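Notes for the one structure printed next.
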Amino acid sequence: MIKILTYAAAATSAVALLTGGAFAQQPAQSPEASAEALSEVPSRVQAHVSEIWEPVPRTVATPEDAPPSDAIVLFDGTSMDSWIMAAEDGGPANWPVSDGIVSVGSGDIVTADSFCDVQLHIEWRTPAEIEGFDGQDRGNSGIMFHRQYEVQVLDSVDNLTYVNGQAASIYKQHPPLVNASRGPGEWQTYDIVFESPIFAEDGRLRKPAYMTVFHNGVLVQNHAELAGVTEYIGYPTYSPHDCGPILLQDHNADVSYRNIWLRPL
């Protein structure tokens, strides 16, 4: 009996501590009553302790068929002011714009500003005419974060190629979980969450880059860890760098883009 009472006293003390002393002034209880009180601790603690009231998340408007209110619009169908050529001189982006669409021109383009962690929305279309084009020659382009971490753009409907180079692959690293591609000439969407790598002051990698990709609304990359930059030849490695621009690739294919926006995270 002494041992049972000792456990009951300990239980009563635990309840008093967890509930802010609410039981501290209560008279001694029987072992059965103390056990019953202790069984109520989870619900009492959760109600009082586990609720978070501040800070209140800011409100973001999400109008239908328009970017969120906190988005940075990179292409609205008219202006390419947010883009420059990727070449060293960095002149104005010369890709042609017509009917709300920008088509791949001569040379890669990059955003004029640099970004770190982002949520990117982009819509793209490969050519409807596919005769004579197969593999990596069929509607090839790419979207690169910091100029060097690529999500592949490609017509991947009935088009045999290496799977870590098909549409929605993290190029030469991760094939997509499924092939969610639409047919040639149809508009497709990517929604990408990119987490930048983090480097220590001495240049060592502290945290690798990660990507989550939705292709036409389907999850195809689930917080995939990047082994380094997405190389065409060779194996990926990391070198320390700052945040960087987003690059759209000219790969000698008539690929088009529209409705491009991002949210810094």
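Going by mature numbering (1 follows the signal peptide of the UniProt record, and there is no 0), the letters in the sequence shown line up with residues -24 to -1, 1 to 241, in that order. Glycine included, every Cβ here is placed at the ideal spot set by N, Cα and C. These numbers come from a predicted model, not from an experiment.
Inset, instruction - Would you kindly check if the distance between the Cβ of Ile119 and the Cβ of Leu238 is under 9 Å? - result: no
Inset, instruction - Would you check if there are 3 or more beta carbon pairs closer than 8 Å linking the stretch 203 to 212 to the stretch 56 to 70? - result: no
Inset, instruction - Indicate whether Asp131 and Thr102 have their beta-carbon atoms separated by less than 9 Å. - result: yes
Inset, instruction - With DSSP collapsed to three states, give me the class of Asp167. - result: strand
Inset, instruction - Can you tell me which of Leu181, Asn135, Asn116 puts its alpha carbon nearest to the alpha carbon of Val80? - result: Asn116
Inset, instruction - Might you give, ordered along the chain, the residues of its own chain that have their beta carbon closer than 8 Å to the beta carbon of Thr38, omitting 5 neighbours on each side? - result: Pro44, Ser45
Legend entry - Stretch pair the stretch 81 to 89 + the stretch 57 to 72: three plus CB contacts closer than 8 Å: yes
Legend entry - One or two residues paired with Glu201 in a DSSP bridge: Tyr186
Legend entry - Extent of the continuous beta strand (DSSP E) run through Glu126: 125 to 129
Inset, instruction - Would you mind working out which of Thr213, His150, Asp113 sits nearest Gly179, comparing C-alpha positions? - result: Thr213
Inset, instruction - Would you kindly check if the distance between the Cβ of Tyr125 and the Cβ of Met187 is under 9 Å? - result: yes
Inset, instruction - Would you be able to state if there are at least three C-beta pairs under 8 Å between the stretch 148 to 157 and the stretch 188 to 204? - result: yes
Legend entry - Outcome for His122 when other beta-carbon atoms lying within 10 angstroms are tallied against a minimum of 16: buried
Inset, instruction - Alpha carbon to alpha carbon, how far is Ala23 from Ile98? Give it in angstroms, no decimals. - result: 43 Å
Legend entry - Candidates Pro240, Thr137, Phe170, Tyr138, of which the one nearest Tyr198 by Cα: The sequence shown places Asn at residue 198, not Tyr. The candidate whose alpha carbon is nearest that of Asn198 is Phe170.
Legend entry - N-terminal and C-terminal residue of the beta strand (DSSP E) that Met120 is part of: 117 to 121
Legend entry - Ala203 Cβ short of 8 Å to the ligand NAD heavy atom set: For the ligand NAD, the structure offers nothing, since it holds no ligand at all.
Inset, instruction - On a CA-only basis, which of Ile174, Pro216, Tyr147 is nearest Gly210? Give me that one, please. - result: Tyr147
Inset, instruction - Tell me, to the nearest whole angstrom, how far the beta carbon of Phe51 is from that of Ile168; I am working on the premise that it is less than 8 Å. - result: With a Cβ gap of about 15 Å, Phe51 and Ile168 do not count as contacting.
Legend entry - Same chain, Cβ closer than 8 Å to Ala176, five either side skipped, listed in chain order: Arg182
Inset, instruction - Within its chain, find whatever has a CB closer than 8 Å to the CB of Val36; leave out the 5 residues flanking it on each side and keep chain order. - result: Pro44, Ser45, Asp46
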